Each structure stands twice: as C-alpha cells, then as structure tokens.
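These notes are about the structure you will find just below.
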Amino acid sequence: MRKYIGAVLAAGLLVAGCGASSSNTPVAVVPSGPTVGVVGQATTYSSGQGTAAITVHSFAWKKSSGDTSGVGSAAKNGSYLVADVTVEGLTGSVSVNPLYLSARDEEGRSAGDFGAELGSFRPSLDSGTVTPGRKMRGLVAWDVDPTLGWEVELLSVRDAVLVSWKAPNPPA
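Sequence positions in the sequence shown follow mature numbering (1 follows the signal peptide of the UniProt record, and there is no 0) and run -28 to -1, 1 to 144.
This is how it looks when you write it as structure tokens:
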C-alpha cells in the first residue's frame, strides 16, 4: 500500500511539473547596493524595526572645531569634514547614532581611529531613537586629509552601506 501511495504521489508531481509553463523572456538581475544620496534631499532607508528619512543638508570644511563650538581643537589630518544631518522617523522605530555615519576616502580607508569626531562640533547629532514624525538633527565631523576624495556613508548595525553621499572637495 505504501509503495502504491508513493508511486501515485511521484506520478502526480511529474504530471504537475510537466504542465508548468516556462518563459523564455530574460529577466535582468540588478545587484542591490547602497542608495546614492543627494545633498539637500531626503533619502528613505529601512533599519531596525522601521524606516526613516535621512538628509545631509550640507558639507563644510573646517580647520578647527572652534569654528562652531568655541573649544578650538585643530584638525590633525588637515581639515574636518563636517556634515549637517537630519534623521526623521517614518514608520516603527529607528536607532540614530553618529557612529552609524562613516567617512571613507577614495582608496577605501575609513577616517579616524574611532570614526566621527564625537561632540567636536555643536550642535552635534545625538544618539537616540526616531519614531514617526520625530526628528534628530546635528553635526557629524571627521578629521581627514582634505587632498583626498571623500564619501560619507550611512551604515547598518552590521556595517552594510545603506546610503552614501559624495563630499565636495574643500575650497582652494
């Protein structure tokens, strides 16, 4: 009896498979990569338990952190690359942390030993959580060599690049 049931099931699967239609239409597979952000425009991303919109309003090049905080710490590598960033919650809840933003040079090296120059520029982007309608805005800075090309990247908690922006070269 078991052999009979097994044979009937096998025959049924074979017949069902033969009746399936196939398509000769090619399907393009587009590799998914990070979204390229545009300065001044919000870019939506998913992270954690929700979605958020991140906007890099502007980039600036500063020689000293005293330019905005009054403390006056000179850049060791030549200049600070400073990004003015807003993260707004759209759905659920999304963690915000200045360390989720990284600067990478044209050779692929990350800026600084610890990433962002935390608190060097005021008002700095705080850590926290955004929910629908809640915004967090602040400055994030990196001590970098201004002679290299730089990109700023928003990283996931697993260090995957979610969004990247090309930073402008410093003024001559």
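Even for Gly, the Cβ is constructed at its ideal location relative to N, Cα and C. All of these numbers come straight from a predicted model, not from anything done at the bench.
Going by beta carbon distance, what residues of the same chain come within less than 8 Å of residue i, once the five residues before and after it are set aside?
i, result
"Ser96", "Pro70, Leu90, Gly110, Leu111, Val112"
"Thr119", "Gly50"
"Ala(-1)", "Because the pLDDT at Ala(-1) is just 41, under 50, the model does not fix this residue reliably, and the point stays unresolved."
"Thr63", "Gly22, Thr23, Pro104"
"Val133", "Gly5, Pro6, Glu125, Leu126, Leu127"
"Pro143", "Trp33"
Return the chain-ordered list of same chain residues with a C-beta closer than 7 Å to the C-beta of residue i, the five sequence neighbours on each side being excluded.
i, result
"Tyr72", "Leu126, Leu127"
"Ala(-19)", "Summary for Ala(-19): the model assigns pLDDT 47, below 50, so the residue's position carries little reliability; its value from the coordinates is reported in the next sentence. Taken in chain order, the list of residues that qualify is empty."
"Asp98", "Met108, Gly110"
"Ser(-6)", "Residue placement at Ser(-6) is poorly supported in this model, since its pLDDT is 46, which falls under 50; the coordinates still yield a value, given next. So no residue of the chain qualifies."
"Pro140", "Phe31"
Give the range of the beta strand (DSSP E) segment to which residue i is assigned.
i, result
"Val59", "51 to 63"
"Ser99", "From DSSP, Ser99 is part of no beta strand (DSSP E); its letter is neither H nor E."
"Arg94", "First-last for Arg94: undefined, no H or E at that position."
"Leu111", "107 to 116"
According to DSSP, is residue i helix, strand or coil?
i, result
"Ser37", "helix"
"Leu126", "strand"
"Gly(-12)", "Here Gly(-12) scores only 44 on pLDDT, less than 50, and its place in the model is too uncertain to base an answer on."
"Val135", "strand"
"Leu71", "helix"
"Gly22", "strand"
"Asn141", "coil"
"Arg76", "strand"
"Val11", "coil"
"Ala32", "strand"
"Ser45", "coil"
"Thr119", "coil"
Should residue i and residue j be called a contact, given that it needs their Cβ atoms to be closer than 8 Å?
i, j, result
"Val102", "Ala55", "no"
"Val28", "Val68", "no"
"Ser37", "Phe93", "yes"
"Gly9", "Ser136", "yes"
"Ser30", "Val66", "no"
"Ala47", "Asp115", "yes"
What whole-angstrom Cβ distance do residue i and residue j have, given they're in contact under 8 Å?
i, j, result
"Leu121", "Glu60", "Leu is not the amino acid found at residue 121; the sequence shown has Gly there. Going by Cβ atoms, the distance from Gly121 to Glu60 rounds to 29 Å, so no, they are not a contact pair."
Going along the chain, which residues of its own chain have a beta-carbon closer than 6 Å to the beta-carbon of residue i, five neighbours each way excluded?
i, result
"Ser82", "Ser74, Arg76"
"Ser45", "Ser37"
"Asp117", "Asn49, Gly50"
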